[in-house]
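Residue numbers (this note's numbering), protein chains in the order written: chain A, 1 to 247; chain B, 1001 to 1586; chain C, 2001 to 2134.
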Amino acid sequence: MSRRQIELEVLRYNPETDTEPHFQRYSVSCEDEWVVLDALNHIKETIDPTLSYRWSCHMAVCGSCGMMVNGEPKLSCKAFLRNYEGVIRVEPLAHFPIQRDLVTVIDDFVTKLRQVKPYLIPKQEKTLAAGEYLQTPAELKKYKQYTLCINCMLCYAACPEYGLVPKFIGPAAISLAHRYNQDSRDGGREARQQEIAKNEGVWECSFVGACSEVCPEHVDPAGALQQVKIQSTVDWYQEHLMPWKTK
Amino acid sequence: METIRTDVAILGAGGAGLRAAIALAETSPGLSIALVSKVYPMRSHTCAAEGGAAGVIKADDSLEHHFNDTVGGGDWLCDQDAVDFLVQEAPKELIQLEHWGCPWSREADGSVAVRPFGGMKKQRTWFAADKSGFHILHTLFQTSLQFPAIQRFDEYYVTDLIVDDGRCQGFTAIEMRSGQMKFFQAGAVIIASGGAGRMFPFTTNGAIKTGDGMALAYRAGVPLKDMEFVQYHPTGLPNTGTLLTEACRGEGGILLNKNGRRFLQDYGMGPETPVGQPVLKTMELGPRDRVSQAFWHEQKKGNMVPTRWGDCMLLDMRHLGEKKINERLPLVRDMAVSYLGVDPVTDAVPVRPVVHYMMGGIDTDIDAATLMPGLFAAGECACVSINGANRLGSNSLTELLVFGRRAAVSAAAYLEAGVGAGNSAALAARAAEAQARLRALFDRSDGTETLAGLRREMMATMEEHAGIYRSGEGLKVACATLADLRRRYAAIELHDKTNVYNTDLLQALELGAMLDCAEAVTVSALARTESRGAHQRLDFTARDDAKFLRHTLARYRPGGEPAIDYRDVVITRSPPGVRDYSGGHE
Amino acid sequence: MEDQMSSKPYIREVPRYSWFLRQPRYMRYMLREVTCIFIGAYAVFLLVALRRLSEGREAWESFVQMLTGPASLVFHLIVLAFALYHTTSWFNVTPKAMPIQAGEDFVPGAVIVGAHYAVWLAVSVVLLFLAGVF
């Protein structure tokens, strides 16, 4: 196994001792197939145990390890060292306050997630004894990709709108609302529209598309948001031109 | 110290914890619920489970079949009344999940699809592509958001259970973002904190699986049951240890040695079945313990493929074709390509057994209650026991749902029966003691040990002496090493003595939990002088029902090894038989 | 124990007017957005043309004369480039905004984009025909 010496510049911040974040350079001997997370773990284990960061699954499914690697939002467990040259700059995920080192405060995201009513509001009630709701493979495919979001918030870090307008509900939360809207078993679209069709909802989005570019699960939140915009527009016209249709 | 009063406090927000919280919110609307976890719920390791959850729904299947598969798979160490309860509740729970929006994969007619899984005679594993655990966790988490009664405390690390007057009355926890300790005063506590695979160096488990809840209950006097039974999952990635689901084999993948031979047929799982047409319960669909053990033997014979990460077998899925792989095993393909540089569509993937699951855990009864009033447990951290000596794949996700709910029902009933107010002064004193213990760790300035060093030694001894095959000599060395590490742990010094999100502290506390759990594993393993299920002894190769048709109970003794005791397994209608995974019998 | 101040998170400000210089994808986005200025400018140009038309033969002919001059040529080339970028970039994202499910699978994005180009071509041919080009 060959190792190479990698230089990492990591943004540090401890609110108890620092007024501002500052970079710290580490020189790490790394295996070929390592990811940034492996390098961070190696630093923590052998060089600097005070470095704080989030991680768990190491297989891009828990969403814990989002951070900026050379200015790009990435999952550190899927940022392969072999793809980088020179000094690698590691910073906490953009557009979120820094709590400590690479750990951000994600309260805003968690609040917004809850706000969009991301749970099934069944169109028709059904008892457990009556069995499952039928859903064909085609109906499943219609919303399937939007279920894949791991809540890693790379999209929020990439979205310049969220960076400039923090009250924007954001890509992942709105995509999750869309996931339920598209689910054939769901009847809650109207309830969710109230949350996502307002100004700080989907209309804050100007389709930069950065969110979809950085999404590690190919959820395509940008697509979801545009679809919500279209639905929203149709709703508006229906409401104003065919008021008899809305109860 | 701030006190947070709640009726029920749930420790852990994975599948079992979330299920318990939702059950309480739905059926006991007057109760306040504190859902406390050291990570945000969507990070819980339930998200990494891939294959599916077992529940009888097909016409050719029956509860009896599921029962027999589970009891046999567990090498008759399962409590049969508990297994009956599991198989009976399973279909209901899985349909409930579907009603909550879980995107189960479907048949063409819209009904839920099931797939074959190891050790199961019939197809009964409900699945959501190859991210079943992920979808179950997110469905539960998102469903939980509609209940205001569930108050979440994300990124709080629980340090001590507070026990007074012989009952559990809550716990102290560190709010990680501030470093402040808070006291959660609760009428009832449900522990749903998961397993402890991180005590081993190669594991599918994520960083957070450090046995915290198990250690808490253990130190408070609740026994840990059947800890020696540690499951190896046959197909983990050789470099990262992460999981390639059993569904790879369920869909038809085969396992080869370096000569291209499907070697499982040489270990009682033959005869060889046609490639791509797996036959349930034989060959590659044999139970995990048998398959891992076959690997071990083949490796000793020198038949495994040497790779830069050690000896591996080959998981060949090429014959499945790209379309099927993309549809049913997309995560598997992504992981093999990203982390190994191997595309399962064109090449066989090198894999090897890695630690995956702990059958053992906090001793609970069939109602998810521990011996301590007010303390309940569910999920991987608990041992009911429904998994016995070896768990069948896809029974665990089901277990989370069934016993998560059960723990909630039991906790609500316990509160309903009337629970005293609690002696504030005594409770405050206990909480202050917990605070003082933590402070001592901070204040130590003459430490001689490093956290990373002790952890590495623990992992090394577990891998060497408490792996797939064990021996008396090896286990004695492991026990001695762990006892030594336990003593040296008292001399650990923190490098980071600040308060805000101190992960050095967190890892030190997690190591303490793992050392306690590891000692329970090795001492229990040494005492069990037989081979059963996942516990295989080179010096005692036969199963000994006369002496060991019992659960091992490890009881904490401060400053020493756990005391070992036994309790009979509940056998109702399935007397111990032979586990036969060879084909051609019916 | 510790007061609120000492766990105070640090907020990194986003530069209000130069944020798009930070990444190439933001620059591409701004370029796409900026095309609307040129589209708008050409709309004004067309309005001016209409105005000239309504002012009589002399006004119209002098306008046409101006059209053939070098300034006009440069203007038209620039606007055409931006208009093409505007159109192609919007065509390329239409499959995301309007996914069409046929049976179980979605119609490939290329087909939807291709259809847009086809319609564009057809409309262009019709317009050119009406303008007497063929």
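Ideal placement from N, C-alpha and C gives every residue a C-beta, glycine not left out. Remember, it's a predicted structure, so these values are computed and weren't measured experimentally.
- What residues in the stretch 2075-2107 of chain C have a beta carbon less than 9 angstroms from any beta carbon of chain B? none
- Of all the residues that make up the stretch 2012-2043 of chain C, which are near chain A by a beta-carbon distance shorter than 8 angstroms? R2012, V2014, R2016, W2019, F2020, R2022, Q2023, R2025, Y2026, Y2029 and E2033
- Query: Closer than 8 angstroms, CB to CB, is E1098 (chain B) near chain A or not?
  - Reply: yes
- Message: Suppose you measure from the CA of T1450 (chain B) to the CA of D1289 (chain B); what does that come to, to the nearest Å?
- Response: 35 angstroms
- Alpha carbon to alpha carbon, how far is G1361 (chain B) from G1388 (chain B)? Give it in angstroms, no decimals. 11 angstroms
- Message: For V1008 (chain B) and I1190 (chain B), I'd like the C-alpha separation in whole angstroms.
- Response: 7 angstroms
- Query: Quick one: is D1069 (chain B) buried, meaning 16 or more other Cβ sit within 10 Å of its Cβ, or exposed?
  - Reply: buried
- Interface flag, G63 (chain A) vs chain C, CB-CB below 8 angstroms: no
- Nearest chain C C-beta to R1177 (chain B) closer than 8 angstroms, yes or no? yes
- Nearest-angstrom Cα separation, counted from H1045 (chain B) out to C57 (chain A): 7 angstroms
- Query: Taking the alpha-carbon positions, what's the H1465 (chain B) to V1523 (chain B) distance?
  - Reply: 12 angstroms
- Message: Cβ closer than 7 angstroms: which chain B residues qualify as neighbours of Q135 (chain A)?
- Response: R1106 and G1110
- Query: Do the CB positions of A248 (chain A) and L93 (chain A) come within less than 8 angstroms of each other?
  - Reply: Residue 248 (chain A) lies beyond the stretch modelled for chain A, which goes from 1 to 247, so this question has no answer here.
- Message: Counting only beta-carbon separations shorter than 8 angstroms, does L154 (chain A) have a partner in chain C?
- Response: no
- Between the C-alpha atoms of R1573 (chain B) and D1539 (chain B), what's the straight-line distance to the nearest angstrom? 31 angstroms
- CB contact flag (R1406 (chain B), D1367 (chain B), <8 angstroms): yes
- Going along chain C in order, which residues have a C-beta closer than 7 angstroms to the C-beta of D220 (chain A)? K2096
- Looking at C-alpha atoms only, which residue of A:G223, A:V234 and A:Q182 is the closest neighbour of P1103 (chain B)? A:Q182
- Message: Between R1555 (chain B) and P1223 (chain B), how many whole angstroms is the CB-CB distance? I'm expecting something under 8 angstroms.
- Response: 5 angstroms
- Message: Taking a contact to mean a Cβ-Cβ separation below 8 angstroms, would you say F1184 (chain B) touches A1034 (chain B) in this structure?
- Response: yes
- Query: Which residues of chain A have a Cβ atom closer than 8 angstroms to the Cβ of F1134 (chain B), listed in chain order?
  - Reply: V61 and I150
- Examine chain A for any beta-carbon lying closer than 8 angstroms to the beta-carbon of V2113 (chain C), and answer yes or no. no
- Message: Rounding to the nearest angstrom, what Cα-Cα distance links P1486 (chain B) and A1520 (chain B) in this structure?
- Response: Correcting the residue type first, residue 1486 (chain B) is Arg in the shown sequence and not Pro. The alpha-carbon atoms of R1486 (chain B) and A1520 (chain B) are separated by roughly 12 angstroms.
- Message: By the three-class DSSP mapping on this structure, what secondary structure does V2048 (chain C) have?
- Response: helix
- Query: List, in order along the chain, the chain C residues whose C-beta lies closer than 7 angstroms to that of L1523 (chain B)?
  - Reply: Here residue 1523 (chain B) is Val; the residue named in the question, Leu, does not match the sequence. What V1523 (chain B) touches in chain C: nothing, since even the nearest Cβ is about 38 angstroms away.
- Span of the beta strand (DSSP E) holding K1182 (chain B)? Q1180 to I1191
- Any beta strand (DSSP E) of 3 or more consecutive residues that is wholly inside the stretch 1013-1065 of chain B: 1033-1037
- Who are the near neighbours of V1332 (chain B) in its chain, counting only those whose CB is closer than 7 angstroms to its CB and skipping five residues on each side? D1130, L1244, T1245, C1248 and P1344
- Query: Are E1251 (chain B) and L1314 (chain B) close, meaning C-beta to C-beta below 8 angstroms?
  - Reply: no
- Message: Check whether chain A comes within 8 angstroms of P2070 (chain C), counting only Cβ atoms and requiring the distance to be less than that.
- Response: no
- Under three-state DSSP, which class holds H2076 (chain C)? helix
- Partner residues on chain B for R100 (chain A), Cβ-Cβ distance less than 7 angstroms: V1500 and Y1501
- Query: Taking Cβ to Cβ, would you say C1312 (chain B) is nearer than 8 angstroms to P1238 (chain B)?
  - Reply: yes
- Task: Mind reading off the beta-carbon distance from C1047 (chain B) to A1192 (chain B)? Whole number of angstroms is fine, and I expect it under 8 angstroms.
- Result: About 15 angstroms separates the two Cβ atoms, so there is no contact after all.
- Task: Within its chain, find whatever has a CB closer than 6 angstroms to the CB of T2035 (chain C); leave out the 5 residues flanking it on each side and keep chain order.
- Result: F2082, Y2085 and H2086
- Query: For V110 (chain A) and chain C, any beta-carbon pair shorter than 8 angstroms?
  - Reply: no
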